[in-house]
Each structure stands twice: as C-alpha cells, then as structure tokens.
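In the working numbering, the protein residues as written are 3 to 541. Here a beta-carbon is modelled for each residue, glycine too, at the ideal position from N, C-alpha and C. A quick write-up on the structure given underneath.
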C-alpha cells in the first residue's frame, strides 16, 4: 500500500492527537438543539412516522401479528419501545429520544471518520458544528429509523478501514453483526452492506499487496454469513406473516410504483383504501402490501423496459437537484470524483483508505437511480464522505489562497450543508399544532371513529395523517382528487365509515353534506372548530 503523504499532512500528523472538546462540543450542541427545539416541533409528525408509531403501539400492546411488518424497518420501532419501557415517555417524545441516539452516534462517528483524514483544527471544528446542526435537523425531519442505518453503515465502514481488518476474523464477525443491525434499520442495507464488504475488503487486500480470492471469499463468507444468521429470525417472521420469502416488501413496491407511476390497488378496492385489518390501524400505508394489486416489473415488456431506461434518465435531473440540495459542493465533489475515478488522476488518492472513500461515495447512490433520491434524504450517509473528499479537492486551489481565505472557504463549505435544513425547519416550524388543536376539540366532543374527507391523500398528506394519529381514528382515504362526493359516500357506506371531515379555508363554514336523496347529514361540531366541519354518516 502506498502510504505517501502530502507535505501538509506530514507536518500536521504530529498534531493529530485526540482532542476531547472537538468531540464533546458537537455532541452537546446536538443534544441541546433537540431539547430546545422540542416545544416548536413536538406536533410535526411526518407521514411515515404515523405508521411507525402505530407499529410501536402494537408492540407495546403485544399485538405482534400487527407489529411484524415487511414494509417499515423494525429498528426504530424496537428502540422506541425500549425508550417507552425505560422512561414512560409518550410515544412521539420517546421516538424523538430514540432518534437522537443514532444522530448523536453519527456526530461522533462522523468526527472519527473526518479526523482520520483531515488534520486541520479549524476544519475539524467547522465540520463538527455542521454535523451537530445537520443531525439535529434530521431528528425531527425524519423521525424514524433512517438515521440508524447511516450510523451502522458508518460504523461498518470504520471497521473495514481498520488496517488489521483482513487479518482479524473477530472483526469479520463484528462487521456481520453491524450489517444485520443496519438491515434492521433499513432494508437497503440487506444488499448494499454485503456489496460494501466485498468491494472494500478486496481493495484492502490489494492495497496491502496480499490479494487472494480465497481470503476475500472467507472474509465475505464470515461477515455476510453472520449477518444472515442474525437476520434469519426476522426473515422467518416476515415469511410466516406474508407467506413469501423476502427481506422487505419496500423495494418491490417502490420499484412497481415508480415504474407504473402510481400504486395499482387490488381489484376489489374502487374508491376508498381501507386501513390494515388490525384493531389500532389508522391508515393503509402501515402495510401497503396488503392492498397492492398487480406488481409491475421492467422485464414484463419491452415498453416497460424502455420506460425504466427513461426513468433512469429522468432521475439524472433528480440527482442534480438532490445533490445540490445537500450542498452545491456535494455535486461538484461527485463530478470531480467521477473524473478522478476514470482518469490517471486516481494517483491523487495516494492511500488505499482514500480510494475506499472515493469508491463507497460513488457506489452508494447507484440503485436509487432506478427509483428516486427523495430530495437527498437517502444520501445522508455520504455527507461525511463528501466533506472529506471535497476538502481534498479544495487543497488543489488552497495554494492560491491566503490563510484567512482558506479559513473562510472551509467555513462557507460547511455552511452550505445547512441551507436546506434551515429552509426545511422554517417550513416545519409550528406544523401540526393546528391539527392537534382540531383533534383535541373533536375528542372533547366525543368525535372519534373511522372517517373520510373531502381531501384526498394527495391534497391532505401530512394534515390528515396527523389528525388520524391524534384522534386515534381510522382514515379511509381516496388517493387522488378524482372522485365525486357521491362516489366517496357510496364506498364509505360499504365500509361502514362513521364521519365525513370537510376542510375549508375562508368560505365553507356553512357547507352542508347531503345524501343521494338531498337529505343533509348532521353536522356535529356546531361550528366550534375553525376550518373543519364534521358530518356523522351513520352507516
């Protein structure tokens, strides 16, 4: 392995000592941020979190037939259940507490990774503060499980980067356990983690000059074998419930949805989509596999194959948007990394460890090109990698800058990772408080039970999720704004739905809902809830 160091690294490495404050301050900043933001974001429950919270409730009630779920990964549920058991906190407060744990872990592990390659104290301080603020944002923006995956992926990468990794079977076993935990956190790791083990182990062996297919096979066999053994009980539970062998239904469903352009529901579902058949279910997306009709695959026809190619091409726009949303330097870093990978410039990466960072940074997003990058949320694992790589590339222009300009550049570089979080937090500020007020008013009037609404899933996303959760009322939703009141009410009768929620802004306070014969349904709020009228259907 070529261990040649750049001149500034040779002088800096002597000062590469452990400085507790550089780890402790960002960690305390994150904890303080989560605590101080709680009063303003305590009602912001993202739509995905509604499903997770319902599953947590099922675990706590001992309803494991409901709790075992192949669409939503279990790690966030398990840790939230543990927090509830240990502290007695309400469910969402427990979820935020549980979500803070991997966020704190990412602050620490991100620092460990960054300090491994960057020696400048100012860079370390700026990166640490940026990490603390960024992961504070993620605690509220994505309330469940994704951050756990990023934590375990980063931990796995650090294990793989150990110089003695290829010579210590105990590390292979440990890596397999971490891989299983990463899979429990998000099903994507079921495929990516073994790939990362294969690629990085091969690079480590080749860099050390001791490459052997036999040794590489043994490393992968032990690590992936331990991962599969640890995951086996969960895979069996999924099989017992769904009668299929799968690591998750999320991938299959998402590929079908994105290729078809929408979810194809069961033939018996016409207008309203019912929640799962469990006592505390409130929304069908808790387990969308149960209402899925036909699955669409790119290999079903030539037309779908061409459509999949078009989806990948279209996602080039999504990639540019998502990468720049993380940071404009993220996108530039990706472009420069591509150039280095496919040119002799790869010699710029003068150690195997640096080459590993480059390769992991580039391969992690690849499968998402077939579906979506979701505004960059799926790429958060690569943020520490992009910061390290970006500052390496910046070294090429550092000789043109004064020391003051270098420090300013590093500061601005780190600040760009916080632009989207600040914008999102501004939009999220106070969100959910109005839905909580409405829900409390309805409960005080005894209005609880299954409901439909004039808002569809498309137009009421987030708002109706939160009302369903706050009231504990099952929501029979229509997915798109293409159905008339008559069609909605006819299907509501089939499911014996109890209420119709009519939301309005400005005018609408005198709206009257009538049946097919022109008879009005009774309005049960008496106009006491601004922006909402509730009609009892009596089906």
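When rounded, the separation of the alpha-carbon atoms in residue 468 and residue 124 is 43 Å. In this structure, the alpha-carbon of residue 540 lies about 13 Å from that of residue 516. Secondary structure note for residue 502: its beta strand (DSSP E) is the uninterrupted segment 501-505.
Contact check for residue 178 against residue 227 passes: the beta carbons are separated by less than 8 Å. By the C-beta criterion, the region 464-481 is judged to be in contact with the region 47-56, since at least 3 inter-stretch pairs fall below 8 Å.
Distance from the Cα of residue 127 is smallest, within the candidate group 27, 75 and 352, for 27. Taking C-beta separations shorter than 8 Å and ignoring five residues to either side along the sequence, the partners of residue 259 in its chain run 265, following chain order. Our two residues, residue 169 and residue 205, have alpha carbons roughly 14 Å apart in a direct line.
Residue 465 and residue 459 have their C-alpha atoms roughly 10 Å apart. Runs of the alpha helix (DSSP H) lying entirely within the region 357-438 and spanning at least 4 residues, in chain order: 385-396, 405-417 and 421-430. In this model, residue 444 and residue 501 are separated by some 11 Å (Cα to Cα). Between residue 72 and residue 353, the CB-CB gap reaches or exceeds 8 Å. Short of 8 Å from the beta carbon of residue 218, and not among the five residues preceding or following it, lie these beta carbons of its own chain, in chain order: 200, 203, 204 and 207.
Taking the C-beta atoms as reference points, residue 59 is found nearer than 8 Å to residue 282. Taking C-beta atoms as the reference points, residue 77 and residue 147 count as a pair closer than 8 Å. In the same chain as residue 358, and ignoring 5 residues on each side of it, the C-beta atoms closer than 6 Å to its own belong to 202 and 205, in chain order.
The beta carbon of residue 494 is closer than 8 Å to those of 274, 454, 478, 502, 539 and 541 in its chain, skipping five residues each way along the sequence.
Inclusion of residue 143 and residue 426 in the CB contact set at 8 Å is warranted, their separation being smaller than that value. For residue 522, the secondary structure class from DSSP, reduced to helix, strand or coil, is strand. Counted as a single uninterrupted DSSP element, the alpha helix (DSSP H) harbouring residue 327 occupies residues 304-328.
Straight-line measurement puts the Cα of residue 239 at about 38 Å from the Cα of residue 327. Residue 83 has its alpha-carbon roughly 35 Å from the corresponding atom of residue 118. When C-alpha distances from residue 189 are compared across 130, 380, 508 and 38, the shortest belongs to 380. Residue environment: residue 284 is assigned as buried (16 or more neighbouring CB atoms within 10 Å of its CB, all protein chains considered).
Across the structure, residue 267 and residue 294 are spaced so that their CA atoms are roughly 5 Å apart. Exposure of residue 215 is indicated by the presence of fewer than 16 other C-beta atoms within 10 angstroms of its C-beta.
If you check the CB distance, residue 320 and residue 374 come in under 8 Å.
By the Cβ criterion, the region 298-313 is not in contact with the region 330-338, since fewer than three pairs of Cβ atoms, one from each stretch, lie closer than 8 Å. Residue burial is scored here from C-beta neighbours: residue 234 has fewer than 16 other C-beta atoms within 10 angstroms and is therefore classed as exposed.
Residue state for residue 294 is assigned as strand, using DSSP reduced to three classes. With a 10 Å radius around the Cβ and a threshold of 16 neighbouring Cβ atoms, residue 529 comes out exposed.
Excluding its 5 nearest sequence neighbours in each direction, residue 277 has C-beta neighbours in its own chain below 8 Å: 283, 284, 285, 286, 288, 476, 477 and 478, listed in chain order. 68 is the residue among 68, 514, 23 and 442 whose C-alpha sits nearest the C-alpha of residue 242. Across the structure, residue 110 and residue 385 are spaced so that their CA atoms are roughly 14 Å apart.
Assigned with DSSP and collapsed to three states, residue 331 falls in helix. Less than 8 Å divides the Cβ of residue 43 from the Cβ of residue 430.
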